[in-house]
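Numbering-wise (my numbering), the sequence shown opens with residue 105 and increments by one. Think of the CB as a built atom: it goes at the ideal place given N, C-alpha and C, for glycine as much as any other residue. To start, the structure itself, in structure tokens.
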Amino acid sequence: MEMKEKIQEKFRTLFGQDGAIFASAGRVNLIGEHTDYNGGYVFPGAIDKGIMAEVMVNGTEKVQAYSMHHDEYCEFGLNEEDKPSQNWARYLFGVCREMIKRGGKVHGFSTVFAGDVPLGAGLSSSAALESTFAFALNNLFNNGIDKFELAKIGQATEHNYCGVKCGIMDQFASLFGKAGSLIRLNCKTLEYKYFPFNPQGYKLVLIDSCVKHELASSAYNKRRASCENAAAAIRKYHPDVEFLSDAKRQWLDEVRDEIPEEDFLRAEYVIGEVQRVLDVCDALERGDYETVGEMMYQTHFGMSKLYEVSCEELDFLNKLARKMDVTGSRVMGGGFGGCTINLVKDELYEPFIAAAKEQFAARFGHEPKVYDVVISDGARKIQ
Ligand code: GLA
Numbered sequence: 105m106e107m108k109e110k111i112q113e114k115f116r117t118l119f120g121q122d123g124a125i126f127a128s129a130g131r132v133n134l135i136g137e138h139t140d141y142n143g144g145y146v147f148p149g150a151i152d153k154g155i156m157a158e159v160m161v162n163g164t165e166k167v168q169a170y171s172m173h174h175d176e177y178c179e180f181g182l183n184e185e186d187k188p189s190q191n192w193a194r195y196l197f198g199v200c201r202e203m204i205k206r207g208g209k210v211h212g213f214s215t216v217f218a219g220d221v222p223l224g225a226g227l228s229s230s231a232a233l234e235s236t237f238a239f240a241l242n243n244l245f246n247n248g249i250d251k252f253e254l255a256k257i258g259q260a261t262e263h264n265y266c267g268v269k270c271g272i273m274d275q276f277a278s279l280f281g282k283a284g285s286l287i288r289l290n291c292k293t294l295e296y297k298y299f300p301f302n303p304q305g306y307k308l309v310l311i312d313s314c315v316k317h318e319l320a321s322s323a324y325n326k327r328r329a330s331c332e333n334a335a336a337a338i339r340k341y342h343p344d345v346e347f348l349s350d351a352k353r354q355w356l357d358e359v360r361d362e363i364p365e366e367d368f369l370r371a372e373y374v375i376g377e378v379q380r381v382l383d384v385c386d387a388l389e390r391g392d393y394e395t396v397g398e399m400m401y402q403t404h405f406g407m408s409k410l411y412e413v414s415c416e417e418l419d420f421l422n423k424l425a426r427k428m429d430v431t432g433s434r435v436m437g438g439g440f441g442g443c444t445i446n447l448v449k450d451e452l453y454e455p456f457i458a459a460a461k462e463q464f465a466a467r468f469g470h471e472p473k474v475y476d477v478v479i480s481d482g483a484r485k486i487q
């Protein structure tokens, strides 16, 4: 049975009626990592894996929710003190609360949801969940909130109810995604541009290390604090620097002695990464995939050695890609586990995947998972 049919069957069993069906997507990011909360560029796209939910307004002030993945049912009210104890339900609760805080109407609803985004793989399953419900509630309660504001509702849910001080990239990609296109977003001005992405002769493939680091959210928040600290030091001399991405490389050098070395290295990575996104977009417009790939390797180096969000398993996969002449490879998303994203020539695809599985398993005792990237539509009403 398809995911949609399973959801519908469960919904009827639990609630005896049919609701409307909504979906949203996980995301990949070709380049531009940890730049979003620094006001820089990102270059993501939605993927063909996501979250789907059936939702029905139920005429009460209670949410009745069932997660197929957790095989768990939960009920909660819509006031601040009604925060549910289940982790998964906090995402739904947060979206309701953030919508209400922005003046949106939210009343009780019943829902069953499921997903096929691998959890903890750095593909933004949580943004897909937030975006699905932000989009659905906006539609069902006729709030007329625009998509950027919906993305901010998802982001604020992470900040205020899930403890991650994330940027806007994941929710943006999940809501604005379009089949066949990557989207370059300027996270400061929120200007964005779609780039059709269909590299002839290459494939984009994810290799999932299946590693999940427990302390990822506190380490993420720490990286963000380092960047803000570096930006504040630079701002003393260059008052126009609102975000780290506004700073020139030499301005960072000027404050090197005033900030911890760790913050300097984090900032060095970010300033380089913002430029790499622009370079990759230029290269793409020329059809120059070799440059795109080279930038991906540079990003990996920066994420591993300067930003320190890689891990042994991801460095291993990256090194193997380099050894096999794969065009581009790097750790994707927040890091601390998850996937590498790889730009691979068609003829290298099979030998690379085979070698990655075999050598990774020999070294770490389990095979990595492999996902082909299909760039797809973001949030939508299905039925
Ligand atoms: C996570 C966050 C995003 C972004 C990436 C790193 O996915 O949710 O906002 O910061 O990490 O680029």
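*For VAL381, the three-state DSSP class (helix, strand or coil)*: Translated into positions along the sequence shown, residue 381 becomes position 277. Helix.
*Just to check, is the beta-carbon of GLU412 closer than 7 Å to a non-hydrogen atom of ligand 1?*
The residue labelled residue 412 in the question sits at position 308 within the sequence shown. It does not: the Cβ of GLU412 is nowhere closer than 7 Å to a heavy atom of ligand 1.
*Can you tell me where the beta strand (DSSP E) with GLN168 in it begins and where it stops?*
Within the sequence shown, the letter at position 64 stands for residue 168. Start and end: 166 to 171.
*Does the distance from the CB of LEU241 to the CB of VAL210 come in under 8 Å?*
As a position in the sequence shown, residue 241 is number 137, starting the count at 1. As a position in the sequence shown, residue 210 is number 106, starting the count at 1. Yes; because the gap between Cβ atoms is below 8 Å, this pair is in contact.
*asked:* Nearer than 7 Å: is that true of the beta carbon of MET273 relative to any heavy atom of ligand 1?
replied: Locating residue 273 in the sequence shown gives position 169, where the first residue counts as 1. Yes - ligand 1 has a heavy atom lying nearer than 7 Å to the Cβ of MET273.
*Under the three-state reduction of DSSP, which class applies to GLY149: helix, strand or coil?*
Along the sequence shown, read from residue 1 onward, the residue named residue 149 stands at position 45. Here GLY149 sits in strand by DSSP.
*Determine the extent of the alpha helix (DSSP H) in which PRO455 is found, giving its start and end residues.*
Against the sequence shown, residue 455 aligns to sequence position 351. PRO455 -> alpha helix (DSSP H) spans 450 to 468.
*asked:* Taking the straight line between their C-alpha atoms, what separation do you get for PHE252 and GLU262?
replied: Your numbering for residue 252 matches position 148 in the sequence shown. Your numbering for residue 262 matches position 158 in the sequence shown. If I take the Cα positions, the gap works out to 16 Å.
*Look up CYS178 in the DSSP assignment and give the residues it is bridged to.*
As a first step, residue 178 must be located in the sequence shown, where it is residue number 74. In the DSSP output, where bridge partners are listed per residue, CYS178 has ALA169.
*asked:* Just checking MET270 against ligand 1 - is the residue's beta carbon closer than 7 Å to any of the ligand's heavy atoms?
replied: Locating residue 270 in the sequence shown gives position 166, counting from the first residue. Residue 270 is actually Cys in this sequence, not Met. Yes, the beta carbon of CYS270 sits closer than 7 Å to at least one heavy atom of ligand 1.
*Give the straight-line distance between the Cα atoms of PHE213 and LEU182, rounded to the nearest whole angstrom.*
Position 109 of the sequence shown, counting from 1, holds the residue named residue 213. Position 78 of the sequence shown, counting from 1, holds the residue named residue 182. So the two alpha carbons sit approximately 10 Å from each other.
*Endpoints, beta strand (DSSP E) assigned at PHE213*: As a working note, residue 213 is residue 109 in the sequence shown. Taken as a continuous stretch (DSSP letters only), the beta strand (DSSP E) holding PHE213 covers 213 to 219.
_At 4 residues or longer, what runs of the alpha helix (DSSP H) sit wholly inside the region 331 to 365?_
353 to 358
*SER189: buried (16+ other C-beta within 10 angstroms of its C-beta) or exposed?*
Translated into positions along the sequence shown, residue 189 becomes position 85. Exposed.
*For GLY397, the first and last residue of its enclosing alpha helix (DSSP H)*: For the purposes of this step, residue 397 is taken as the residue at position 293 of the sequence shown. Per DSSP, GLY397 belongs to the alpha helix (DSSP H) from 393 to 405.
*asked:* Between the alpha carbons of GLN112 and GLU295, how many angstroms are there, rounded?
replied: Numbered from 1 along the sequence shown, position 8 holds the residue referred to as residue 112. Numbered from 1 along the sequence shown, position 191 holds the residue referred to as residue 295. Each residue's Cα considered, the two are about 38 Å apart.
*Given that a residue counts as buried once 16 or more other Cβ atoms are within 10 Å of its Cβ, and exposed if not, what is PRO472?*
Indexing the sequence shown from 1 puts residue 472 at position 368. It is buried - the Cβ of PRO472 has at least 16 other Cβ atoms within 10 Å.
*Kindly indicate the opening and closing residues of the beta strand (DSSP E) around LYS307.*
As a working note, residue 307 is residue 203 in the sequence shown. Looking at the DSSP string, the run of the beta strand (DSSP E) that includes LYS307 is 306 to 316.
_For ASP250 and GLY397, what's the separation of their Cα atoms in angstroms?_
Counted from its first residue, the sequence shown places residue 250 at position 146. Counted from its first residue, the sequence shown places residue 397 at position 293. When rounded, the distance between both Cα atoms is 35 Å.
*Taking the alpha-carbon positions, what's the ASP361 to GLN402 distance?*
Along the sequence shown, one-based indexing puts residue 361 at 257. Along the sequence shown, one-based indexing puts residue 402 at 298. Taking the straight line joining both Cα atoms gives about 26 Å.
_Start and end residues, beta strand (DSSP E) containing ALA127_ = Here residue 127 refers to the residue found at position 23 when the sequence shown is read from its first residue. Taken as a continuous stretch (DSSP letters only), the beta strand (DSSP E) holding ALA127 covers 124 to 133.
*Taking ALA466 and MET428 to be in contact with their CB atoms under 8 Å, please state how far apart those CB atoms are, rounded to whole angstroms.*
For this step, residue 466 is matched to residue 362 along the sequence shown. For this step, residue 428 is matched to residue 324 along the sequence shown. Actually they do not touch by this definition, with Cβ atoms about 16 Å apart.
*Between PHE280, GLU137 and ASN247, which lies nearest to LEU382 when the distance is taken from Cα to Cα?*
Taking the first residue of the sequence shown as 1, we reach residue 382 at position 278. Cα-wise, what sits closest to LEU382 is GLU137.
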